[in-house]
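Chemist:
Numbering (the numbering used here), first residue to last: 4 to 445.
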């Protein structure tokens with residue numbers, strides 16, 4: 004990806020123009036990206052999309068007032084108009100004493116290391132290769148589903164992006180990244196009017212590390228077949244194994260309470276828990292911005308704060324909130340970072356099959372349907388689907404059941420951790436085993 008407009012020159016021009024107009028401080032982010040995707044259905048291309056974006060965002064600070072503005076019109080005359088209107092808007096805002104620039108000390112100690120975020124091979128991807136990959140996923144999915152298949156839909160995409168970030172109080176940083184992704188969805192014919200679906204999606208920073216089209220299509224069909232003939236089981240407390248790719252839902256519910264905003268708004272059940280036991284001793288969760296090839300990997304965050312590993316839970320003990328500059332000032336807490344990078348849950352030693360073999364009665368939860376979670380009280384409830392476990396073996400597919408609980412109790416029930424971290428996400432979390440979980444069914 005290349006362009007006549009240089010991001011660093013554009014950012015400097017924007018910053019200089021803002022300062023000349025009386026702005027006290029300014030943060031500038033100049034970005035460029037290109038995305039190409041192909042969707043395939045019923046043996047042919049369903050849709051091809053290509054988009055390119057070039058834009059600049061400003062965060063302006065004037066006499067205690069603050070605003071953010073963005074533009075993608077970078078013609079010289081348009082830049083002048085944009086700066087004039089942005090500064091006028093900022094001056095019209097109500098003062099907020101908590102809106103301040105990041106302290107330059109937060110920029111110090113930035114690591115200089117290669118994170119493996121960009122693959123030059125993205126320049127070699129040709130349109131026919133995308134089509135061939137999507138077609139191969141469909142063929143594999145339909146072959147695996149056999150006469151149960153109604154339809155398969157597949158897609159693949161690749162994207163590259165650049166960022167140049169500049170602050171008037173001394174920060175400067177760049178980032179370049181690539182992304183390769185693919186997914187397949189299969190619709191199946193079940194008894195009556197049931198149309199279960201299976202899906203599988205993968206992603207990688209490097210093209211050569213993306214799984215084969217045949218694997219993606221086959222996995223999508225396998226997950227669909229696992230939802231054939233579902234039923235309910237009686238309401239009971241039993242063991243739950245949460246499959247690795249499904250953990251993100253409940254983990255996201257939990258971490259909604261770990262934000263500085265939730266803490267300041269008195270909407271966090273983690274308030275007062277720093278340094279105290281919250282989960283079981285198996286619960287080790289680290290925010291790791293330096294994970295090689297990670298989708299959340301970075302050397303600095305959106306405010307320029309130098310990245311560093313941030314323990315969230317250590318052997319069940321809660322260690323840190325995600326606190327940005329704004330809420331840090333409101334809470335009188337030192338900023339950590341405003342948003343997560345890669346979440347890594349320390350793996351155990353057992354495979355998913357071994358975890359299943361150790362359960363006498365339970366449910367392997369493969370996914371969730373709907374649901375809600377209250378970040379103030381910790382109560383949550385969500386629909387689930389998966390497979391019943393009886394005497395260490397997977398037996399009956401189940402659906403139309405709910406799991407409910409409270410996070411303050413639920414994470415204490417974490418009994419075992421698998422050795423299979425999900426590799427296609429910024430959530431590098433393995434399958435988890437929870438004892439005594441409340442399921443509602445028949």
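For glycine and all other residues, C-beta sits at the position ideal for the given N, C-alpha and C.
Would you mind working out which of 364, 95 and 385 sits nearest residue 396, comparing C-alpha positions?
Modeler: Among 364, 95 and 385, the Cα nearest to that of residue 396 is on 364.
Chemist: With distances taken from CA atoms, which of 52, 320, 340 and 275 is nearest residue 284?
Modeler: Among 52, 320, 340 and 275, the Cα nearest to that of residue 284 belongs to 320.
Chemist: For residue 174 and residue 18, I'd like the C-alpha separation in whole angstroms.
Modeler: Cα-Cα distance, rounded: 12 Å.
Chemist: Starting from the Cα of residue 167, find the closest Cα among 372, 182 and 30 and give me that residue.
Modeler: Cα-wise, what sits closest to residue 167 is 30.
Chemist: Any idea if residue 308 is buried or exposed, counting beta-carbon neighbours within 10 angstroms, 16 or more meaning buried?
Modeler: Classification for residue 308: buried.
Chemist: Measure the Cβ-Cβ separation of residue 417 and residue 389 and say whether it is below 7 Å.
Modeler: For residue 417 and residue 389, no; Cβs fall outside 7 Å.
Chemist: Report the three-state DSSP secondary structure of residue 182 (helix, strand or coil).
Modeler: Three-state DSSP puts residue 182 in a strand.
Chemist: Between the segment 35-49 and the segment 66-86, can you find at least three pairs of beta-carbon atoms closer than 8 Å?
Modeler: They do not touch, by the three-pair rule.
Chemist: Applying the 10 Å Cβ sphere with the 16-neighbour rule, what's the burial state of residue 267?
Modeler: Buried is the call here.
Chemist: Alpha carbons only, please: which of 335, 144, 38 and 218 is nearest the one belonging to residue 227?
Modeler: Minimum Cα distance to residue 227 is reached at 144.
Chemist: Name the two residues that bound the continuous alpha helix (DSSP H) containing residue 256.
Modeler: Per DSSP, residue 256 belongs to the alpha helix (DSSP H) from 250-258.
Chemist: What does the alpha-carbon distance come out to for the pair residue 399 and residue 235?
Modeler: Straight-line Cα distance between these residues: approximately 9 Å.
Chemist: Where does residue 33 land, buried or exposed, given buried means 16+ other C-beta within 10 angstroms?
Modeler: Residue 33 should be labelled buried.
Chemist: Relative to the C-alpha of residue 118, which residue among 135, 303, 133 and 200 is closest?
Modeler: Minimum Cα distance to residue 118 is reached at 303.
Chemist: Please specify which runs of the alpha helix (DSSP H), each continuous and at least 4 residues long, are wholly inside the segment 16-104, giving them in chain order.
Modeler: Within the segment 16-104, the complete alpha helix (DSSP H) runs of at least 4 residues are 79-94.
Chemist: State the Cα-Cα distance for the pair residue 230 and residue 357, rounded to the nearest angstrom.
Modeler: Computed Cα separation, rounded: 22 Å.
Chemist: Any idea which residues DSSP pairs residue 231 with across the strands?
Modeler: For residue 231, which the question treats as bridged, DSSP gives no partner whatsoever.
Chemist: From residue 111 to residue 189, what does the alpha carbon distance come to, in whole angstroms?
Modeler: Roughly 49 Å between the two C-alpha positions.
Chemist: Output yes or no for whether 7 Å exceeds the beta carbon distance between residue 183 and residue 161.
Modeler: Going by C-beta atoms, residue 183 is nearer than 7 Å to residue 161.
Chemist: Under 7 Å between the Cβ atoms of residue 52 and residue 40?
Modeler: Yes. Within cutoff.
Chemist: Based on the DSSP output, what are the partners of residue 200 in its beta bridges?
Modeler: Bridge partners of residue 200: 190.
Chemist: Taking residue 290 and residue 346 to be in contact with their CB atoms under 8 Å, please state how far apart those CB atoms are, rounded to whole angstroms.
Modeler: That pair is a contact at about 6 Å.
Chemist: Taking residue 141 as part of the beta strand (DSSP E), name the residues at either end of that continuous run.
Modeler: Counting along the chain, residue 141 falls outside any beta strand (DSSP E), though it belongs to the alpha helix (DSSP H) covering 130-148.
Chemist: How many Å lie between residue 116 and residue 438 at the Cα?
Modeler: One C-alpha to the other measures close to 41 Å.
Chemist: Roughly how many whole angstroms lie between the Cα atoms of residue 177 and residue 14?
Modeler: In a straight line, the C-alpha of residue 177 is about 12 Å away from that of residue 14.
Chemist: Rounded to the nearest angstrom, what separates residue 261 and residue 98 at their Cα positions?
Modeler: Roughly 27 Å separates the two Cα atoms.
Chemist: Can we say the segment 403-413 touches the segment 371-383, given the rule of at least three CB pairs closer than 8 Å?
Modeler: Judged by Cβ distances under 8 Å, the segment 403-413 makes contact with the segment 371-383, as three or more pairs qualify.
Chemist: If distances are taken between C-alpha atoms only, which option among 242, 65, 348 and 56 comes closest to residue 100?
Modeler: Measuring from the Cα of residue 100, the nearest candidate turns out to be 65.
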